[in-house]
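Chemist: Under the working numbering, the first residue of the sequence shown carries the number 18, and numbering increases by one thereafter.
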Amino acid sequence: MREFLPIIVVVAIICVFAALFLTAYVMLRRRKANVTFDRNMPDREIVSRLMKYARPHWRSFLLVLVVMVASIAYDIVSPIIVGDIEELIKDDFELNILFEYVAVYAGILIISMVCTYFQSIILQKTGQKILSSIRQDIFTHIESLSHNQLNQIPVGKLVTRVTNDPNAISMMFTNILVNMVKNVFVVVGVLAAMLIKNYMLSFMVLCFIPFLLLFTVIFRAFTRRVFRTVKDRTTDINTYLSENLSGIKITQSFNREKRKREEFLEKSNELKKAKQNQIFVFGIFRPMVYMLYISSVLCLLYLCGRGYIKNTEFLGQVITSGTLVTFYMYISKFFNPIQTLAEQFNQLQSAFASAEKIFSIFDMEPELVDEPDAVEIQELRGEIEFKDVWFAYNPGEWVLKGVSFHVSPKETVAFVGSTGSGKTTILSLICRNYDIQKGQILIDGIDIKHIKISSLRRHFGQMLQDVFLFSGTIRSNIVLREESFTDEEIWQACKYVNADHFINKLEAGLDEPVRERGNNFSAGQRQLLSFARTILHKPEVMILDEATANIDTETEILIQDSLDRMKNIGTMLIVAHRLSTIQHADNIIVLSHGQILEQGTHQELLHKRGRYYKLYSLQFEKQRSALEKMA
Ligand SMILES: Nc1ncnc2c1ncn2[C@@H]1O[C@H](COP(=O)(O)OP(=O)(O)OP(=O)(O)O)[C@@H](O)[C@H]1O
Ligand SMILES: [Mg+2]
18 MREFLPIIVV VAIICVFAAL FLTAYVMLRR RKANVTFDRN MPDREIVSRL MKYARPHWRS
78 FLLVLVVMVA SIAYDIVSPI IVGDIEELIK DDFELNILFE YVAVYAGILI ISMVCTYFQS
138 IILQKTGQKI LSSIRQDIFT HIESLSHNQL NQIPVGKLVT RVTNDPNAIS MMFTNILVNM
198 VKNVFVVVGV LAAMLIKNYM LSFMVLCFIP FLLLFTVIFR AFTRRVFRTV KDRTTDINTY
258 LSENLSGIKI TQSFNREKRK REEFLEKSNE LKKAKQNQIF VFGIFRPMVY MLYISSVLCL
318 LYLCGRGYIK NTEFLGQVIT SGTLVTFYMY ISKFFNPIQT LAEQFNQLQS AFASAEKIFS
378 IFDMEPELVD EPDAVEIQEL RGEIEFKDVW FAYNPGEWVL KGVSFHVSPK ETVAFVGSTG
438 SGKTTILSLI CRNYDIQKGQ ILIDGIDIKH IKISSLRRHF GQMLQDVFLF SGTIRSNIVL
498 REESFTDEEI WQACKYVNAD HFINKLEAGL DEPVRERGNN FSAGQRQLLS FARTILHKPE
558 VMILDEATAN IDTETEILIQ DSLDRMKNIG TMLIVAHRLS TIQHADNIIV LSHGQILEQG
618 THQELLHKRG RYYKLYSLQF EKQRSALEKM A
């Protein structure tokens, strides 16, 4: 019994650690309810959906598998060669034979290295292809979502979905899965080789496996939690950043830097804490596996040494010094992949979590899709009719309540009304950015739902209230759609809206760079560019939402002039707070709280002495008193 005391001590120490970890694990299970998110999609569904991306590359994966088997040969054969060398050099030996052994060792090593190199090259290439196709799909899908759906997801979250999450999935295919397979092969191969070499010692090594399994299960439970927290915190920080970097100028103007810094610090600290926890969990697990490895090496040295000295034989297997060397190497080759397997299993879980997040975006069915029998409109006359239209952004909160009006082809109609009365909403509905809940919208007598969305929008030129310029050049921002326009046509559009004056003054003219959101141009200039973009395509229906709100009076008069010239070319829908700009409209629709109060021409509405009259006199009065003051 005394002889086995060292082994008993080693096993006792391991048992103490196992008990400690088991207690921690039980405590963790009790706190499980606190985990922030859980996956709802079964693993099987995730795997089958992911396979869609891997399937086109099956040849590459097959090749990797073949190359991998060749690279594994080194792990299995090298300890045997080293053991043989040890036995060889123990007694008298011929140098030639040693050279042969070393040459075989070197040969296997080189083959293994070359195979590993090719394996990683093939995998990286395949990984990039998979990554790119997932990214492409998710971006295309996001583009197909309706305004309503897009309003519900913060931009930062979408950025994470398009960047970080596909990365995790690509890593899974190229690194995790393949290495997992490799490690399984190595473990099985090494175990088989050990068993063939010496049963006794192999059983001794296997005695450590239950402990290894226990540690691995506990480790998995901990890491699953920390991985999820890290993911959540990363999305949080991305969402916060994307919003606050866009609004950083406002933060500076309102001296809110300190507050924002504190908020950011808080989020950053939470991510730091989550990452630290992750490092901590790995920091505990790795030494634990190392402890098992060292313990098994100690047991090996003790048992092997003892067996060697006593010349013990077991089932005809003698322990030699070569056996000791071979097993010493095998033990490390056995424990390493098991440890990596445990860690990779968690990365796999993390990749699954990413996949689920991506699929949850894919599962958002685009709300606005063409009906199967939707028609393509080749030519649009520009007749628009609203029939008792009811619309709410959020269920029950009606923004438009029974709106009905008719616009004849080539007519100019203006919408006026107080802020929030529903003007922009009406224009959005005409472009079918949202679907209405009740009523009907007819374009050229056809229900808007029966017209292909792309075909509908092709005939519309929209100038939105929030002008958006993309980074690029003035030309790319005006052209925007793919159609090729000549410089002459672009200049003509610019002249029409009087944007040519300021573009002419720019060094590069139409090729002047536009920075993100057009922040190197004034609000008025941005509006003029957006205006040029709208009329360049000579749309049959022009939608102008506060087109001249940021433009100086002189330019506005010129634009007014252009608009008058454009009248009768197409249907024109205008929203303007400054009533002087819409006096010549064929019809003026006055809105209040999502309902039409009155409509008619400027003169008719003035005669009515209703809401429009009040609004007009108020503006007129303001201007007159300002002039009087100046006089
Ligand atoms: N995306 C949205 N989600 C929820 N509610 C919205 C959304 N957009 C607008 N609303 C609400 O709909 C109402 C009408 O908004 P709309 O933008 O049509 O007003 P408007 O008449 O164009 O105002 P303004 O003159 O200020 O441009 C407002 O009460 C607003 O709060
Ligand atoms: Mg508006």
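We treat Cβ as the ideally placed atom computed from N, Cα and C, and that holds for glycine.
(1) Consider the C-beta atom of Gln509 and the heavy atoms of ligand 1; say whether any pair is separated by less than 7 Å.
(2) Would you say the segment 452-470 touches the segment 488-496, given that touching needs at least three Cβ pairs under 8 Å?
(3) Please state whether DSSP places Thr565 in a helix, a strand or coil.
(4) Between Val433 and Val607, is the Cβ-Cβ spacing less than 8 Å?
(5) Which word fits Thr503, buried or exposed, when buried means at least 16 other C-beta atoms lie within 10 angstroms of its C-beta?
(6) Let me know if Lys350 comes out buried or exposed under the rule of 16 or more other beta-carbons within 10 Å of its beta-carbon.
(7) Rounding to the nearest angstrom, what Cα-Cα distance links Glu393 and Leu80 in this structure?
(8) Do Leu590 and Val430 come within 8 Å of each other at the CB atom, strictly closer than that value?
(9) Mapping the DSSP letters down to three states, classify Asn272 as helix, strand or coil.
(10) Please work out which residues of its chain come closer than 7 Å, Cβ to Cβ, to Glu428, disregarding the five sequence neighbours upstream and downstream, and give them in chain order.
(11) Taking the straight line between their C-alpha atoms, what separation do you get for Asn272 and Glu382?
(12) Quick one, are the C-beta atoms of Gly399 and Glu557 less than 8 Å apart?
(13) Taking DSSP as the reference, what is the three-state secondary structure of Thr143?
(14) Using the Cβ count rule (16 or more neighbours within 10 Å means buried), how would you classify Phe21?
(15) Taking the C-alpha atoms as reference points, what is the distance between Ser425 and Lys631?
(16) Roughly how many angstroms separate the alpha carbons of Gln141 and Thr191, rounded to a whole number?
(17) So which residues put a beta carbon under 7 Å from any heavy atom of ligand 2, going in chain order?
(18) Give a single yes or no on whether Ser609 has its beta carbon closer than 7 Å to a heavy atom of ligand 4.
(19) Below 8 Å, how does it come out for the segment 115-124 and the segment 229-242: are there three or more Cβ pairs, yes or no?
(20) Check whether the segment 152-163 and the segment 202-209 are in contact - that is, three or more C-beta pairs closer than 8 Å.
(21) Comparing C-alpha positions only, which one of Arg532, Val28 and Pro59 sits nearest to Lys374?
(22) Is it the case that the Cβ atoms of Thr251 and Leu208 are separated by a distance below 8 Å?
(23) Is it the case that the segment 237-248 contacts the segment 259-270, given that we only count it when at least three CB pairs across the two stretches are under 8 Å?
(24) Between which residues of its own chain and Ser501 is the CB-CB distance below 6 Å, once the five residues before and five after are set aside?
(25) What residues are listed by DSSP as bridge partners for Ser609?
(26) Let me check understanding here. Comparing Cα to Cα, which of Thr551, Arg534 and Phe487 lies closest to Ala516?
(27) Would you mind working out which of Ser445, Met305, Phe344 and Thr337 sits nearest Cys316, comparing C-alpha positions?
(28) With distance defined between alpha-carbon atoms, name the residue in Ser421, Gly300, Ser88 and Met44 nearest to Phe403.
(29) Is it right to say Leu553 is buried, meaning 16 or more other beta carbons lie within 10 angstroms of its own, or is it exposed?
(30) How close, in whole Å, do the beta carbons of Val416 and Gly611 come, if the pair is a contact with beta carbons under 8 Å?
(31) Relative to ligand 1, is the shortest distance from any of its heavy atoms to the C-beta of Gly535 smaller than 7 Å?
(32) Can you give the Cα-Cα distance for Leu365 and Val131, rounded to whole angstroms?
(33) Going along the chain, which residues of its own chain have a beta-carbon closer than 6 Å to the beta-carbon of Asn450, five neighbours each way excluded?
(34) Would Ser435 and Ser609 qualify as a contact pair, given that the criterion is a beta-carbon distance under 8 Å?
(35) Measuring from the CB of Ser270, is there a heavy atom of ligand 1 at a distance below 7 Å?
(36) Quick one: what does DSSP say Thr53 is sitting in, helix, strand or coil?
Modeler: Reading off the structure:
(1) Not one heavy atom of ligand 1 is found less than 7 Å from the C-beta of Gln509.
(2) In short, these stretches do not touch, since the Cβ pair count stays below three.
(3) DSSP, reduced to helix, strand and coil, places Thr565 outside both helices and strands of the structure shown, so it counts as coil.
(4) Against a cut-off of 8 Å, the Cβ pair of Val607 and Val433 comes out as a contact.
(5) Counting of Cβ neighbours within 10 angstroms places Thr503 among the exposed residues, the total staying below 16.
(6) It counts as buried.
(7) Rounded to the nearest angstrom, the gap between the Cα atoms of Glu393 and Leu80 is 48 Å.
(8) Yes, the Cβ-Cβ distance between Val430 and Leu590 is below 8 Å.
(9) It is coil, neither helix nor strand.
(10) Cβ within range, chain order: Thr588, Asp603 and Asn604.
(11) Their backbone Cα atoms lie some 42 Å apart in a straight line.
(12) In contact: Gly399 and Glu557 (Cβ atoms closer than 8 Å).
(13) Annotated three-state conformation of Thr143 is helix, per DSSP.
(14) Exposed is the call here.
(15) Computed Cα separation, rounded: 27 Å.
(16) Distance between the alpha carbons of Gln141 and Thr191 is about 6 Å.
(17) Residue list for ligand 2: Lys440, Thr441, Gln482, Asp562, Glu563 and Val592 (CB closer than 7 Å to any heavy atom, chain order).
(18) For the structure depicted, ligand 4 is absent and the ligand set comprises only ligand 1 and ligand 2.
(19) Contact between the segment 115-124 and the segment 229-242 is not established, with fewer than three Cβ pairs separated by less than 8 Å.
(20) The answer is no - the segment 202-209 does not touch the segment 152-163, with fewer than three Cβ pairs under 8 Å.
(21) Lys374 has its Cα closest to that of Pro59, out of Arg532, Val28 and Pro59.
(22) A distance of 8 Å or more separates the beta carbons of Thr251 and Leu208.
(23) Verdict: no, contact absent.
(24) Hits under 6 Å: none found.
(25) DSSP, once it has assigned bridges, lists Gln612 as partnering Ser609.
(26) The closest CA to that of Ala516, considering only Thr551, Arg534 and Phe487, is found on Thr551.
(27) Selection Ser445, Met305, Phe344 and Thr337 evaluated against Cys316 yields Phe344 as nearest (Cα-Cα).
(28) Measuring from the Cα of Phe403, the nearest candidate turns out to be Ser421.
(29) With at least 16 other beta carbons inside 10 angstroms of its own, Leu553 counts as buried.
(30) By a beta-carbon distance limit of 8 Å, Val416 contacts Gly611. Their separation comes to about 5 Å.
(31) No, Cβ of Gly535 sits at least 7 Å from all heavy atoms of ligand 1.
(32) Distance between the alpha carbons of Leu365 and Val131: 27 Å.
(33) If we look at Asn450 and ignore the five residues flanking it on each side, its Cβ neighbours are His164.
(34) In this structure, Ser609 lies closer than 8 Å to Ser435 by Cβ.
(35) Relative to ligand 1, even the nearest heavy atom lies 7 Å or more away from the CB of Ser270.
(36) Interpretation of Thr53 is limited by its pLDDT of 44, a score under 50 that renders its predicted location unreliable; no figure is taken from the coordinates.
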